[in-house]
Structure formats: C-alpha cells, structure tokens
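Take a look at the structure set out below.
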Amino acid sequence: MNKIIIYENLNFFTLLLSLTHFFFYKKQYFLNYSNFVKKYCNLIVKKKFVCQIHFINLSTTSAYPEGIKMAIELSKKIVNDNQNVSIPFIKYLKDRRANDLLKKCYVQSIVNRCIQYTVIREFMQNNMDNNIYFFPTHKSFILDLITKEFKNVIIITWHLSLLNLVAFFKNLIIYMLLFLTPLLIITKIIRYNRISFFTGKIRKSNKKIIFFHQNPFIDSNKQSLYRDFYFFNSGILNIKNCIHSGQFKPLSPEKSCYLKSKGGVICDYLAERISVRFLFNQLFINYYYHFFLSFYSLAFNRYTSLSTILYFIGIIYKVVDIKNLLSRIDVKLAFFESEMGFVSSIFTILSDKYDIKTLTMAHGYGYCAPDYTRSFMIMNYFLIQGAYYKKFFLNDNPNIDNIVLIGDIEIEPLMNCQVDSTLNLPIEREKRIITIFLVFTLFLSDVNSGFHKLFGRLLDNEDYRKALTSLWRPFLEWADSQDDLFFIFKGKSGAKQYEHPFAKELLSLLSHEKYYHNDELSVKDLIAISDCTISTGNSSTLYSALCLGKPAISYNFTVPGYVPVIEYDSHLLATNPDELILNLSYILKYGISNDVFEKVRRDHYAEGVLDFKAAERIKELKRKILEN
0 MNKIIIYENL NFFTLLLSLT HFFFYKKQYF LNYSNFVKKY CNLIVKKKFV
50 CQIHFINLST TSAYPEGIKM AIELSKKIVN DNQNVSIPFI KYLKDRRAND
100 LLKKCYVQSI VNRCIQYTVI REFMQNNMDN NIYFFPTHKS FILDLITKEF
150 KNVIIITWHL SLLNLVAFFK NLIIYMLLFL TPLLIITKII RYNRISFFTG
200 KIRKSNKKII FFHQNPFIDS NKQSLYRDFY FFNSGILNIK NCIHSGQFKP
250 LSPEKSCYLK SKGGVICDYL AERISVRFLF NQLFINYYYH FFLSFYSLAF
300 NRYTSLSTIL YFIGIIYKVV DIKNLLSRID VKLAFFESEM GFVSSIFTIL
350 SDKYDIKTLT MAHGYGYCAP DYTRSFMIMN YFLIQGAYYK KFFLNDNPNI
400 DNIVLIGDIE IEPLMNCQVD STLNLPIERE KRIITIFLVF TLFLSDVNSG
450 FHKLFGRLLD NEDYRKALTS LWRPFLEWAD SQDDLFFIFK GKSGAKQYEH
500 PFAKELLSLL SHEKYYHNDE LSVKDLIAIS DCTISTGNSS TLYSALCLGK
550 PAISYNFTVP GYVPVIEYDS HLLATNPDEL ILNLSYILKY GISNDVFEKV
600 RRDHYAEGVL DFKAAERIKE LKRKILEN
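The sequence shown runs 0 to 627 under numbering that gives the first Met the number 0.
Below, the structure written as structure tokens:
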C-alpha cells in the first residue's frame, strides 16, 4: 500500500518536515496553514509537493451539512455530560433554558472543527487503499475521532507530549480569562464611557413595544426594504409607538435622530449608562458566587477553546447590559429584527419575570437544512415561512414556545413601496429572461466571508480561480451561444462580488449585450419578469420563486452532495455546469408541473395558500399578545 501523510497545520516546522519526508511518502497533504507560510513560503508550497485538502477539492461532498449536524449534536452532548458547567449556568440565570445558551457557545466555537473533520473524513474514505499517516498540530477532539473511526490511519505521536504541554498552557490562559471576566467587562464599559455613579430612582421609558434594530444605520437601499425596517415598511408597527434600541451595535446618531423625529423613544441598551453598584453586584458578587467553582471544569474541558470562552464572556456582558435595560423600560412585547446571535435568547430568559413576550422572524430559508446559526434559540414567538421547519428546525430549538407560520415576506407588497425596480432595464422583451442570484464568495480570494471561516482558506489563490472557472466557464460559454436568452446577474447588495477580478474575468466570456448586472434590484421584481431563476443552494430566492410559480434551479456548488429541493423535481437541482445547462434547457422547453409549485407552497408559505397576507398575520399576532 502507498503511504501518504496529512499535516493538520502547515507551519514553519511541518513545512521543514515535509521537505525531509519527500522521499518517504508518495503524497503529502495539509489541512490548514499558518500566516507565516502564506506570507513567506508560498512559492515553495506552490511547487505542489504538498497539497491542501479543502472543501473545494472534493467533487461531491456533504461535508458542510454533516459537519453542522455533528456540531449541533456534539454541543448537546458536551453540555448534558458536564453538569459542573451547566448547573451553575442555570442557577446564574435562574432558568433551565440557560443550558441552550451554553450549547450555543459550544456550537459556535466547534462548528469549523467539525466541518474540517467531515472534510478530512471524506478524503480518508476516498483513500482507503493507502496507509494514511496523520500529523496533529493541536490536541483536540478531532484527533480522537480520527483514531476511533479509521483503522488504516496511523497517528504520528512522537511530539504529543509537547502538544499536551501547549494545551495545558492554553487552558491555563482560559482559566485566567474566566477569573478576570468582571475586570474585562468593566474595562470595556469604562472605555465606552458608560459608568454611572448615580444610584437614585430611574425614570422608565413607557411604551407597549421595544424594537431591536439589526442595522444601526439608516439604509435607503431598496434591497433593504424587506430586511431593514420591514415591520415599519409593512405597517405592522409604527415608529412613534415603540422604544428603539440597536441589537448588535448601538444606533448611529443619524438613525437615532431619524427615529426621534418620527416620535420614537430611544433607549439603546448598548449605550445606556450602568451604575457602579449594579456592576459590583452583578459581576463581583453574582458572577463569582455562581461560577468560581466551575472555572476549572469549563477551562480544562477538552472541547473548550478560546473562542468558547469569548462567547461565554460575551453572554455575561450581555446579561449585565440587558438587566440594566429591563430596569429602564416598561413594555409588553419585544420585537427582534434579527433572529441571529445571543441577544434575543438572553432577553427572553431575563424578561420572563417582567412578563414581557419576545418575537422574531426567520430571514431566508435556513430551516431547510441543518443550521448551527439557528440552533438552540430561546424565544416566545418565532415567525417562520412554512411547515417545512419541522424537518430540520424543530428538533434543535426546543425552547421556542410558539412557531407561527406567516408566509414569505420577500415576495409580498410593502406599504408605500410599489415602484418596480426593473422598469428601465435594457432588455429585449422578446427574449426569455434568466435571473442568476448566486453567492460565490467562497471562491474569491482576499474576501472575508462566513464560508471562509467555516471551510478554511486556500493557501494558493490560484486554486480559487480554477475552482470558480470550472463551475462557471462552460455555462457562460453556452449562455453566450443562446441568442433567444437574456441573463440578469444579481449578487447580495453591498457584497460587490462581481467586482472581484475573478468574476470580471468570467463575465467577459459573455457578450455584453446578452446580460445585465445590478446588485440593487429587487428580488421580487426580478422574479416577476424572469422565465427561470438560478440560485445558490437553499437560497431564499429559490423558494420565493417557486412559491410564485416561477421555475427555479438550485446551483448547489457549495454542498453538491446535499440539497432538499430535489424532493420536488430533479430538474430543480444542478451541481455542475453540465447539469445546469441540461436542466435549464429542459425547463425552458417543458416547464415545471403545477403540482411542484403547490407542494413548495404547502412547505414554504404559511398554510399553503399564496394569499400575500404575511403582514396581516403578524399584525393579528401582535394584537393578541398585547391584549393578553
């Protein structure tokens, strides 16, 4: 059998080893790399005597959804098996649901490791006829999983004592961070000039509703109408009837002034002053009382990393902030514009004793696949598009009290926003229109995206270009030969992916008169004029188009081994350019059965009837909550 070696991380030391191993192993691979190697040794690595194992290099893979599922299940196990950590957390917040905050800490910090493991697992499964040597550079749970699952994998162990020593010092640093958490939080509060020595009675802001804004800035972009200010643009809420706060960042002065000019009250929890006495009680008494004895269990847990502790410290900070906010407001209902992150869950736990209900809404179709960002949420009312949530979403969110089906807001008319953004497009109307809603930032070098964080970056930027070219070039060359088709390209607003040199190079293959590109056009308007749309994976645009009765194809190059839309019709899925050309040609010739559209609506639009009444459903829910 041939011998191959995999280095967990290509750093200066392992790079030197790879040079000496050149004659001992037929192939040499690495998973991650250090910035030092990227900056100073890139030319050596480009000689290809050592190659990177990366998601992009796996032609058919389910590594992403499998890694997500693994991270979610492992987080449940970590917290459930570590009572020394979970019980103090429950007592600290006086709520059993606090366990899910801790699970969220872990899932956020281990998900990239889990995806990395599923990638290397697929690679090893494809190389079962080789003797595989694995050179670890970290002491982590991944090492145990590899040892347990693969009999043909030999772990190189001569340096493990050094890794154990490094791991010990890392855990010691984590322990010190836990011990110093109150000082770190107070330092940040002082830095932002939020300390108050006033201890008198606080005058409470009194409205029925507090609204937490995702976007701290005023955004007049038409693409933001459905995601920024949707509850106000649709007439569900009135600015003057709400207290307003930022959700992730303080409201900008411009946005605060705008909200005040419309009669709104500003009580921004991220900017409110906090009294010294309150901080002392919450941090130096309450924090140490509940967590001091669990510092060791938390710091020296094999699954705990620095990122885990940063999330943990962030929760403690948010608890202080939100408790301070709750002492300053008198409301019945809290709207969270974004369902992501920890803030809404922490608020839901703490607001329980104030009899404040919480509500948020799903954006996009994250519930169509395992999703670590939308797991372990704690919420009273969660608005979601359709009944499909039961397949992937329900099991990982046991502490959402009420899930309410409302339909798809992004295909519905908005109050005072009826202008068609596609009226002046340079389109020859006799041509059939194909709109392409693709997100391919994973394949762009020097772009900072969530995909890069999860999958890791490629050392050689040329590998990005080659991968993107292989996915696009055949399709664009075919598109250029179709005289009866016109193509519209729309990326995410503000992402500017089509301005990247790789994208410009590819679009140059298509004659300029055969396409138009504008990231600021409305999704709803583009679907209306399209004969077929093409979207990435489980994109919201895919299901929005199908709900409206328009054919749509999922070009699923990010997770080619997995996508649920194939359940409806095999022609709705393509994983490579040949499939994309074949399925698009079929749809343009034969169309899609109405039964497919009806099934999609039953899964993804309220009760299955396309009535465009999402806003009315939310209004009625709001009325019932406020009346109770």
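Just so you know, even glycine gets a beta-carbon here, dropped at the ideal spot from N, CA and C.
I'd like the list of long-range same chain contacts for residue i, defined as Cβ closer than 7 Å, with 5 residues on each side in sequence excluded.
{"i": "L609", "result": "C546 and R600"}
{"i": "Y229", "result": "I408"}
{"i": "K138", "result": "L162, N163 and A166"}
{"i": "T421", "result": "L520, D524, L525 and I528"}
{"i": "N151", "result": "M127, N130 and I131"}
Please name the residue, chosen from the options, that lies closest to residue i on a Cα-to-Cα basis.
{"i": "A544", "options": "S529, Q107, F556 and D351", "result": "S529"}
{"i": "L324", "options": "M339, T372 and T347", "result": "T347"}
{"i": "S492", "options": "L509, L520 and W471", "result": "L520"}
{"i": "H451", "options": "S17, S233 and F54", "result": "F54"}
{"i": "A270", "options": "K187, R616, S160 and L179", "result": "K187"}
{"i": "E338", "options": "I402, T303, N1 and S326", "result": "I402"}
{"i": "S160", "options": "I141, T136 and D445", "result": "T136"}
{"i": "I565", "options": "N582, I3 and Q27", "result": "N582"}
{"i": "R464", "options": "F22, N56 and L42", "result": "N56"}
{"i": "D462", "options": "D94, I52 and S260", "result": "I52"}
{"i": "G363", "options": "V522, H158 and T574", "result": "V522"}
{"i": "T303", "options": "F211, I189 and L73", "result": "L73"}
{"i": "L144", "options": "F168, H158, I172 and I114", "result": "I114"}
{"i": "D87", "options": "Y286, Y366 and V342", "result": "The amino acid at residue 87 is misidentified as Asp; the sequence shows Pro. When each option's Cα is compared against that of P87, the closest is Y286."}
{"i": "Y191", "options": "H570, F211, K248 and L236", "result": "K248"}
{"i": "V342", "options": "I328, R327 and L358", "result": "L358"}
{"i": "I158", "options": "N240, Y6 and M123", "result": "Note on identity: in this sequence residue 158 is His, with Ile being the wrong assignment. Selected option, being the one with the closest Cα: Y6."}
{"i": "R431", "options": "L413, Q481 and T574", "result": "Q481"}
{"i": "A70", "options": "K612, T372 and D479", "result": "T372"}
{"i": "L250", "options": "G340, K68, S306 and Q213", "result": "Q213"}
Check this for me: beta carbons of residue i and residue j, under 8 Å apart or not?
{"i": "I242", "j": "K206", "result": "yes"}
{"i": "D629", "j": "Y268", "result": "For residue 629 there is no data in the structure shown, the boundaries of the chain being 0 and 627."}
{"i": "A368", "j": "F391", "result": "yes"}
{"i": "L484", "j": "I426", "result": "no"}
{"i": "N163", "j": "F299", "result": "no"}
{"i": "A466", "j": "F488", "result": "no"}
{"i": "G263", "j": "P215", "result": "no"}
{"i": "R272", "j": "R193", "result": "yes"}
{"i": "E411", "j": "A605", "result": "no"}
{"i": "T535", "j": "Y554", "result": "yes"}
{"i": "F375", "j": "D354", "result": "no"}
{"i": "I591", "j": "D568", "result": "yes"}
{"i": "Q82", "j": "V49", "result": "no"}
{"i": "H516", "j": "Y497", "result": "yes"}
{"i": "I308", "j": "L177", "result": "yes"}
{"i": "I208", "j": "N240", "result": "yes"}
{"i": "S197", "j": "S274", "result": "Note on identity: in this sequence residue 197 is Phe, with Ser being the wrong assignment. Yes, Cβ-Cβ distance for F197 and S274 is below 8 Å."}
{"i": "A551", "j": "T574", "result": "no"}
{"i": "T19", "j": "E65", "result": "no"}
Could you check how far apart the C-beta atoms of residue i and residue j are, in whole angstroms? I think they sit under 8 Å.
{"i": "F436", "j": "S538", "result": "6 Å"}
{"i": "I153", "j": "F134", "result": "Contact flag wrong, Cβ pair sits at about 10 Å."}
{"i": "L505", "j": "T468", "result": "7 Å"}
{"i": "I526", "j": "Y316", "result": "Not confirmed; about 42 Å, so no contact."}
{"i": "Y31", "j": "G455", "result": "Rather than Tyr, the amino acid found at residue 31 in this sequence is Asn. Their Cβ separation, rounded to whole angstroms, is 6 Å, which keeps N31 and G455 in contact under 8 Å."}
{"i": "L282", "j": "P181", "result": "4 Å"}
{"i": "L382", "j": "I3", "result": "Actually they are not in contact, since the Cβ atoms of L382 and I3 sit about 50 Å apart, beyond 8 Å."}
{"i": "T60", "j": "P559", "result": "6 Å"}
{"i": "F294", "j": "Y174", "result": "6 Å"}
{"i": "L453", "j": "V110", "result": "7 Å"}
{"i": "I89", "j": "N98", "result": "6 Å"}
What does a CB cutoff of less than 8 Å around residue i pick up in its chain, not counting 5 residues either side in sequence?
{"i": "S33", "result": "N8, L9, N10 and F11"}
{"i": "K37", "result": "L458"}
{"i": "R472", "result": "L505, L508 and P576"}
{"i": "D94", "result": "I348 and D351"}
{"i": "C40", "result": "F11 and L14"}
With a threshold of 6 Å on Cβ separation, who are the neighbours of residue i within its own chain once the five nearest residues in sequence on each side are excluded?
{"i": "Y91", "result": "H289"}
{"i": "K147", "result": "none"}
{"i": "H499", "result": "L443"}
{"i": "D400", "result": "N379"}
{"i": "I235", "result": "A614, I617 and K618"}
Distance cutoff 8 Å, beta carbons only. Does residue i sit that close to anything in chain D?
{"i": "Y542", "result": "Reference to chain D is not applicable here, since this structure consists of a single protein chain."}
Measuring CB atoms only, is the stretch 617-627 touching the stretch 330-347, in the sense that at least three cross pairs come out at less than 8 Å? Below 8 Å, enough C-beta pairs join the stretch 617-627 and the stretch 330-347 to call them touching: three or more.
At least three beta-carbon pairs within less than 8 Å, the stretch 99-110 to the stretch 119-138: Contact between the stretch 99-110 and the stretch 119-138 is absent, because fewer than three Cβ pairs lie under 8 Å.
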